[in-house]
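Trainee: Numbering-wise, the sequence shown is residues 5 to 132 according to this note's numbering.
We treat Cβ as the ideally placed atom computed from N, Cα and C, and that holds for glycine.
This structure is in structure tokens; I'll ask about it shortly.
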Amino acid sequence: MYPPHTRVEMVVVIYDCLKEWNLANKVFCITLDNATSNDSLQTILKGHLNLQNSLLYDGEFFHVCCCAHILNLIVPEGLKAASDSLFAIRESAKHVRRSDGRKQKFEQCVKQVGIDINLGLRLDVSTR
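Encoded structure:
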């Protein structure tokens with residue numbers, strides 16, 4: 005799609021694709037992230053599809069927010085709230101892993117409370 009990427013232009017492209025692929029009367033919902041511009045995009049697209057009487061259930065369930073995007077926003081906030089505790093846990097794991105003696109003692113303690121130690125002591129990997 006060439007600029008401009010306005011809501012109206014995007015609706016035209018989406019609607020044209022739906023018609024070309026013979027899907028315009030088969031749309032139940034559309035999943036978008038939570039950008040404000042997407043709210044009006046889906047409203048305009050829903051209006052076009054409603055004019056054609058092609059939305060199932062009159063578009064009642066047309067706009068579905070992207071759960072992955074919502075989780076991507078929520079999880080970092082939750083991790084911030086637990087950052088002091090997580091830091092202490094990470095540092096403790098590093099401390100245990102730096103010494104064979106501490107590793108053995110840790111494994112004894114874990115066995116004593118009945119936890120499976122097949123995976124060993126792992127550190128998390130931050131990807132973002």
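(1) With a threshold of 8 Å on Cβ separation, who are the neighbours of LYS107 within its own chain once the five nearest residues in sequence on each side are excluded?
(2) Expressed to the nearest angstrom, what Euclidean distance is found between the alpha-carbon atoms of SER34 and PRO80?
(3) Measuring CA to CA, which of LEU36, LYS23 and LEU127 is closest to LEU90?
(4) Kindly list the residues whose CB is nearer than 8 Å to the CB of SER41, restricted to its own chain and excluding five residues on each side of it in sequence; keep chain order.
(5) So with Cβ pairs under 8 Å, would you call LYS98 a contact of chain C?
(6) Please state the DSSP three-state secondary structure of THR10.
(7) Only counting runs of 4 or more residues, tell me where the alpha helix (DSSP H) segments fall wholly within the segment 95 to 132, in order along the chain.
(8) For CYS69, which of helix, strand or coil comes out of DSSP?
(9) From ILE78 to CYS69, what does the alpha carbon distance come to, in whole angstroms?
(10) Just to confirm, are ASN54 and GLY63 a CB contact at a threshold of 8 Å?
(11) What are the partner residues of THR35, as DSSP defines its beta bridges?
(12) How many Å lie between ARG32 and PRO8 at the Cα?
Mentor: Quick answer:
(1) The residue labelled residue 107 in the question sits at position 103 within the sequence shown. VAL100, ARG101 and LEU125, listed in sequence order.
(2) Within the sequence shown, residue 34 is the residue found at index 30, counting from 1. Within the sequence shown, residue 80 is the residue found at index 76, counting from 1. One point to set straight first is that residue 34 is Ile, not Ser, in the sequence displayed. A straight-line Cα-Cα distance of about 26 Å links ILE34 and PRO80.
(3) Working through the sequence shown from its first residue, we reach residue 90 at position 86. Answer by Cα proximity: LEU127.
(4) Locating residue 41 in the sequence shown gives position 37, where the first residue counts as 1. Excluding residues within five positions, the ones whose Cβ falls inside 8 Å are ARG11.
(5) Judged by its chain identifiers, the structure shown contains no chain C, having just a single protein chain.
(6) What you label residue 10 is simply residue 6 of the sequence shown in a count that begins at 1. Note: THR10 maps to coil in three-state DSSP.
(7) If only uninterrupted alpha helix (DSSP H) runs of at least 4 residues are considered, those enclosed by the segment 95 to 132 are 104 to 116.
(8) Along the sequence shown, read from residue 1 onward, the residue named residue 69 stands at position 65. CYS69 sits in a strand when the DSSP states are folded into three classes.
(9) Looking up residue 78 in the sequence shown gives position 74. Looking up residue 69 in the sequence shown gives position 65. Those two C-alpha atoms are separated by around 14 Å.
(10) Walking along the sequence shown from the start, residue 54 turns up at place 50. Walking along the sequence shown from the start, residue 63 turns up at place 59. For ASN54 and GLY63, yes; Cβs fall inside 8 Å.
(11) Residue 35 sits at position 31 when you count from the first residue of the sequence shown. According to DSSP, residue pairing for THR35 in a beta bridge involves VAL68.
(12) Taking the first residue of the sequence shown as 1, we reach residue 32 at position 28. Taking the first residue of the sequence shown as 1, we reach residue 8 at position 4. Looking at the sequence shown, residue 32 is not Arg but Phe. Taking the straight line joining both Cα atoms gives about 27 Å.
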